[in-house]
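In the numbering used here, the protein residues as written are 2 to 255.
Working notes for the structure below.
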Amino acid sequence: IHGDFASRLASGGPLFSAWVGSREPAVAAVLAREAFDVVTLDMQHGAVDIDAAIRGIQLVAGAGKPAVVRIPVGDFEATSRMLDAGAAAVIAPMVNSAADARAFAAFAKFPPLGERSWGPHAALALSGLAPKDYLARANGLTGAVAMIETRAALDALDDILAVEGIDAVFIGPSDLSIALSGGRELEPESAAVDEAIDHVLARAKAAGKAVWAYAGPPERAAAFARKGIVVSAIGSDTVFLRQGAQAALAAVGR
Ligand code: 3PY
Ligand code: MG
Numbered sequence: 002i003h004g005d006f007a008s009r010l011a012s013g014g015p016l017f018s019a020w021v022g023s024r025e026p027a028v029a030a031v032l033a034r035e036a037f038d039v040v041t042l043d044m045q046h047g048a049v050d051i052d053a054a055i056r057g058i059q060l061v062a063g064a065g066k067p068a069v070v071r072i073p074v075g076d077f078e079a080t081s082r083m084l085d086a087g088a089a090a091v092i093a094p095m096v097n098s099a100a101d102a103r104a105f106a107a108f109a110k111f112p113p114l115g116e117r118s119w120g121p122h123a124a125l126a127l128s129g130l131a132p133k134d135y136l137a138r139a140n141g142l143t144g145a146v147a148m149i150e151t152r153a154a155l156d157a158l159d160d161i162l163a164v165e166g167i168d169a170v171f172i173g174p175s176d177l178s179i180a181l182s183g184g185r186e187l188e189p190e191s192a193a194v195d196e197a198i199d200h201v202l203a204r205a206k207a208a209g210k211a212v213w214a215y216a217g218p219p220e221r222a223a224a225f226a227r228k229g230i231v232v233s234a235i236g237s238d239t240v241f242l243r244q245g246a247q248a249a250l251a252a253v254g255r
């Protein structure tokens, strides 16, 4: 799973991720059996804790798909735990400086690139590799993805992109819209956000790194894919649930 995901990322996608905040791993497994390329488990804003993420990764893998985990803000140690559990990549929110990016990458990569400690309890079986081969290949097979969603992050963008252990940046359009409007707006599809997205795409291209993003509605994800964003997240699980419920109720006049 990891090797296939890494090569699909390297070929530029576009890939589409489900976005799951439910603590019940079976929800992630249900979405993994739809045509998503990858399933993201959200520990920052979702109800997913370490235990639920570990189970979710296994169930998503059982459906033949890679799982990505978004860790809580600043909890970089959770990165290694999620990679040990078999996550194909980890997304760190609110990475606002090169120092943040280095601290994150240290937990994501084995030496000499970082300081990840040995113990890939579930990742080893999921990777299908012998321990020595896992050690040799893990830094390339698993991703460290830093979120760009503040003014500070935009200001430090080139420095964050230059951190060797950072594989890609991930745009958070909601927080960006709040930041760019001085807290006045939640407009993730605003012109200011689109301009910031184009800027991040251009700088990332110059640095030879990929851009992932949270899209929300599928139309936005399709537009992101056309722009060259490699992984676009659609959803979330609660949005799908509410939309399905509202459509069903509308059909009976409610
Ligand atoms: C944002 O848009 O701010 C995000 O973090 C997406 O989940
Ligand atoms: Mg955010």
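Yeah, the Cβ is synthetic: ideal placement off N, Cα and C, and Gly gets one too.
Just so we're clear, the structure is a prediction, and the values are computed from it rather than from any experiment.
Taking 8 Å as the cut-off, does the CB of residue i come closer than this to any heavy atom belonging to ligand 1?
i: P94; result: yes
i: E165; result: no
i: G183; result: no
i: P174; result: yes
i: L177; result: yes
i: Q45; result: yes
i: A169; result: no
i: A54; result: no
i: P189; result: yes
i: A234; result: yes
i: W20; result: yes
i: A215; result: Checking the sequence shown, residue 215 turns out to be Tyr, not Ala. Y215 Cβ: within cutoff of ligand 1.
Please classify residue i: is it buried, with 16 or more other beta-carbons within 10 angstroms of its beta-carbon, or exposed?
i: S8; result: exposed
i: L84; result: buried
i: K206; result: exposed
i: K133; result: exposed
i: R1; result: The structure shown does not extend to residue 1, since the chain spans only 2 to 255, so no value can be given for it.
i: G13; result: exposed
i: W213; result: buried
Grouping DSSP H, G and I as helix and E and B as strand, with all else coil, what is residue i?
i: V262; result: No answer is possible for residue 262: the residues shown for the chain start at 2 and end at 255.
i: M148; result: strand
i: G13; result: coil
i: F171; result: strand
i: S191; result: coil
i: S98; result: coil
i: V70; result: strand
i: V28; result: helix
i: G115; result: coil
Considering only residues of the same chain and omitting the five flanking positions on each side of residue i, which have a CB-CB separation below 8 Å?
i: G141; result: A7
i: A208; result: D159, L162 and A163
i: E165; result: A106 and L114
Do residue i and residue j have their C-beta atoms closer together than 9 Å?
i: A64; j: S23; result: no
i: A90; j: V69; result: yes
i: V170; j: A123; result: no
i: I149; j: V96; result: yes
i: A1; j: E25; result: It is not possible to answer for residue 1, since the shown part of the chain is limited to 2 through 255.
i: I235; j: V201; result: no
i: E1; j: P174; result: In this structure the chain extends from 2 to 255, so residue 1 is not present and cannot be described.
i: R117; j: S81; result: yes
Closer than 8 Å: is that where the CB of residue i sits relative to any heavy atom of ligand 2?
i: E150; result: yes
Which residues in the same chain have their Cβ closer than 7 Å to the Cβ of residue i, if we skip the five residues on either side of it in sequence?
i: T4; result: Sequence check: residue 4 is Gly here, not Thr. Only L142 meet the Cβ criterion.
Residues in its own chain within less than 6 Å of residue i by CB, not counting five upstream and five downstream?
i: I58; result: A68, A86, G87 and A88
i: G33; result: First, the amino acid is wrong: residue 33 is Ala here, not Gly. So the qualifying residues of the chain are V40, V61, A64 and K66.
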